[in-house]
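**Q** In my numbering, the protein residues as written are 182 to 366.
Backbone N, C-alpha and C define an ideal beta-carbon position, used for all residues, glycine too.
What you are looking at is a predicted structure, and each value in this text was computed from that prediction instead of being measured.
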Amino acid sequence: MATKKKSAAGSPVTSSSKKTAPAAQTTSPGSGAGKQPKSAAKANRAAGGKTAVTGKSPAQKTAGELPKKVAPSGKADTNFFDQVYDVARQIPRGRVTSYGAIAASLGAKSSSRMVGWAMNSCRSARPKVPAHRVVNRMGILSGKHHFEDPLQMEKMLAKEGVKVKADQVVDFKKVFWDPSTELGF
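1. Report the three-state DSSP secondary structure of F261 (helix, strand or coil).
2. Where does K123 fall in DSSP's three states?
3. Nearest by alpha-carbon distance to W358: which of G320, V277, V350 and A312 is it?
4. Between the C-alpha atoms of A264 and K309, what's the straight-line distance to the nearest angstrom?
5. Taking the C-alpha atoms as reference points, what is the distance between D348 and E335?
6. Using a Cβ-Cβ cut-off of 7 Å (strictly less than) and excluding sequence neighbours within five positions of F328, which residues of its own chain qualify?
7. Restricting to Cα atoms, I'd like to know which of G365, G342 and A269 is closest to R307.
8. At which residues does the alpha helix (DSSP H) containing P360 begin and terminate?
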């Protein structure tokens, strides 16, 4: 049954107590997209708010979970620092990478500072972690003060053939090792 009401502007508005079905979604010919009876949001609600891939709600999927990567040892690591150490151990002699490149390869692009914390805490890690091969995004030896001797990082890189001038890697782009491409992440 239809009822008449007035809008805020004073013009008459007719409303019905019957609910009508929404119009079918159509696309223009040749667009390649067929009719879609439900939107992605409706499909998600119909599944109880869970995603088809993980069976978890987006909040459950990300809350407190670290990205799981398979370490070179073949086991799945869930500890972020251990994941960082596994990547750093694969940096070849004579090459360097950045904190951000390691973070990005682990699926945590905005966690380069956390990679730095991991490098600062790696002294007791076994097997040893070549922390001297990890520099900042511009090739600067920003972690040199975390070694026993501030010149130790530069000396270790020089032994491997990496040239450093004024605390910055010479030809940084040439000696840069990107774990995302090199390790196939």
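**A** Taking the geometry as given:
1. Correct three-state label for F261: helix.
2. The structure shown does not extend to residue 123, since the chain is modelled only from 182 through 366, so no value can be given for it.
3. For the set G320, V277, V350 and A312, the Cα lying nearest the Cα of W358 is the one of V277.
4. Checking the sequence shown, residue 264 turns out to be Gln, not Ala. Roughly 14 Å separates the two Cα atoms.
5. Going from the Cα of D348 to the Cα of E335 covers about 7 Å.
6. Residues M334 of the same chain have their beta carbon placed closer than 7 Å to that of F328, with the five preceding and five following residues left out of the count.
7. Comparing Cα positions, the closest option is A269.
8. Start and end: P360 to E363.
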